[in-house]
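Here's the structure we're looking at; comments come further down.
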Amino acid sequence: MSSSRIGSAALILAFVASLVLPVYHLTHPAEGNTVIETTEEFKEAGADYLGTGSAERNPDRARFVQDGVSEPADFSRPMELFYTTYKVEKGDTIGEIAKRFGLNQDTLLSFNNIKNSRLIQIGQYIKIPNQDGILYTVKFGDSLTAISEKYSVDSEIVKQVNNLADETILAGAKLFLPGARMNQIDVQEINGDLFSWPVRGYVSSGYGYRISPFTGARQFHSGLDIAAPQGTPVRAAMYGRVVDTGYDTNSGNYIIIVHHGGYKTLYAHLDVIRVKAGAAVNTGDRIGDVGSTGLSTGSHLHFSVFKNGVTVNPRFLMR
2 MSSSRIGSAA LILAFVASLV LPVYHLTHPA EGNTVIETTE EFKEAGADYL
52 GTGSAERNPD RARFVQDGVS EPADFSRPME LFYTTYKVEK GDTIGEIAKR
102 FGLNQDTLLS FNNIKNSRLI QIGQYIKIPN QDGILYTVKF GDSLTAISEK
152 YSVDSEIVKQ VNNLADETIL AGAKLFLPGA RMNQIDVQEI NGDLFSWPVR
202 GYVSSGYGYR ISPFTGARQF HSGLDIAAPQ GTPVRAAMYG RVVDTGYDTN
252 SGNYIIIVHH GGYKTLYAHL DVIRVKAGAA VNTGDRIGDV GSTGLSTGSH
302 LHFSVFKNGV TVNPRFLMR
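To get the numbering used here, take the position in the sequence shown, counting from 1, and add 1.
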């Protein structure tokens with residue numbers, strides 16, 4: 002066979018191989034590889050952009066968010082931000098929904114502006130973004146560089162994801178910061194697991210307005226009254242530092258502990274105080290005993306929580 006015929010045959014074989022091999026590899030993936038399939042279910046679910054750019058969205062990324070499955074290298078690049086929606090079902094929690102979609106729970110908390118995750122309702126729709134991160138509201142005087150440095154995010158990535166032509170940002174605008182995380186204290190506060198119960202007992206009087214057992218008049222009750230036998234151990238609801246102990250005619254024997262995040266707790270009507278001002282305490286440390294000192298109708302602990310000097314309902318913050 003002449004060299005010209007051999008050359009022609011080789012070219013024909015190469016052309017056929019270029020057509021057949023890609024099809025073979027697609028239908029017969031090597032062990033350990035994953036074939037990406039875009040399902041009709043995902044297409045019908047619908048996905049909404051937050052931005053207005055023309056970058057192509059990548060719904061197939063949803064196939065790689067399950068635990069233990071690595072994302073292809075192409076999916077590691079900054080993506081156009083979009084979201085789908087999820088209808089809350091009975092038994093759902095934010096943590097479980099986040100895990101189901103391969104996201105951090107603080108991503109869902111921030112993206113949906115959830116202030117109390119215990120109040121989500123069956124049938125409520127939750128926005129599910131296609132990537133982890135938080136929504137940040139631009140404040141007066143903010144710069145893109147300063148925001149990016151604070152949350153350890155590349156400013157160029159922030160610009161790409163938010164379709165910013167330059168670094169100009171306006172106060173009040175919302176920026177999505179890919180990969181950024183919320184402060185852990187804020188997450189615990191929203192999820193209601195910031196404080197432990199300071200004593201074993203039952204709530205005999207809740208937070209809010211009530212009829213005073215002493216005057217019969219309507220008055221605001223600034224904490225929880227937790228009934229328990231005299232001498233029952235009272236424990237620090239969160240780690241912190243004791244800033245004051247003492248006695249007054251209303252609270253009786255009391256302890257005040259300051260915590261991080263602007264929080265402070267008050268333990269009142271104690272029979273015995275077991276700590277001194279200046280002492281560092283850990284969550285669960287015994288700090289006193291239940292009593293009925295001061296203005297009290299019986300043995301109980303009055304427990305108040307303050308945030309930046311203002312009382313808040315302890316029930317929303319206790320695990």
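Just so you know, even glycine gets a beta-carbon here, dropped at the ideal spot from N, CA and C.
Do the CB positions of Arg107 and Val188 come within less than 9 Å of each other?
As a working note, residue 107 is residue 106 in the sequence shown. As a working note, residue 188 is residue 187 in the sequence shown. The displayed chain sequence assigns Asp, not Arg, to residue 107. Taking 9 Å as the Cβ cut-off, Asp107 and Val188 qualify as a contacting pair.
Contacting residues, own chain, Cβ-Cβ under 7 Å from Ala74 (five flanking each side not counted):
Residue numbering aside, residue 74 sits at position 73 when the sequence shown is read from its first letter. The pLDDT assigned to Ala74 is 41, lower than 50, so where the model puts this residue is not dependable; a value taken from the coordinates is nonetheless given after this. Hits under 7 Å: none found.
Pairwise C-alpha distance: Ser300 and Ile170:
Residue numbering aside, residue 170 sits at position 169 when the sequence shown is read from its first letter. Residue numbering aside, residue 300 sits at position 299 when the sequence shown is read from its first letter. So the alpha carbons of these two residues sit roughly 57 Å apart.
Stretch-stretch touch, CB-based, cutoff 8 Å, three pairs: the stretch 255–262 with the stretch 233–245:
yes
By DSSP's criteria, Gly173 is part of a beta bridge. Which residues make up the other side?
Taking the sequence shown and counting its residues from 1, one reaches residue 173 at position 172. In the DSSP output, where bridge partners are listed per residue, Gly173 has none listed.
Using only CA atoms, which one of Ile158, Gly253, Asn254 lies nearest to Leu176?
By one-based count along the sequence shown, residue 176 stands at place 175. It is Ile158 whose Cα lies nearest to the Cα of Leu176.
Rounded to the nearest angstrom, how far is the Cβ of Gln231 from that of Ser293, given a contact under 8 Å?
As a position in the sequence shown, residue 231 is number 230, starting the count at 1. As a position in the sequence shown, residue 293 is number 292, starting the count at 1. That pair is a contact at about 7 Å.
As an exercise, report each continuous alpha helix (DSSP H) stretch of at least 4 residues that is fully enclosed by the stretch 136–200, in chain order.
145–151, 156–162, 185–192
Inter-residue spacing [alpha-carbon to alpha-carbon] between Val235 and Glu97:
As a first step, residue 235 must be located in the sequence shown, where it is residue number 234. As a first step, residue 97 must be located in the sequence shown, where it is residue number 96. Answer to the nearest angstrom: the Cα atoms are 33 Å apart.
DSSP three-state assignment for Pro315, whether helix, strand or coil:
Here residue 315 corresponds to residue number 314 of the sequence shown, with the count starting at 1. It is helical.
Spatially closest choice to Lys100 from Ala281, Asp272, Gln132, by CA coordinates:
Indexing the sequence shown from 1 puts residue 100 at position 99. The residue with the shortest Cα to Cα distance from Lys100 is Gln132.
Mapping the DSSP letters down to three states, classify Pro107 as helix, strand or coil.
Here residue 107 corresponds to residue number 106 of the sequence shown, with the count starting at 1. Residue identity differs from the one stated: residue 107 is Asp in this sequence, not Pro. In this structure, Asp107 counts as helix in the three-state DSSP scheme.
Quick check: the stretch 181–196 against the stretch 208–225, are there 3 or more CB pairs under 8 Å?
no
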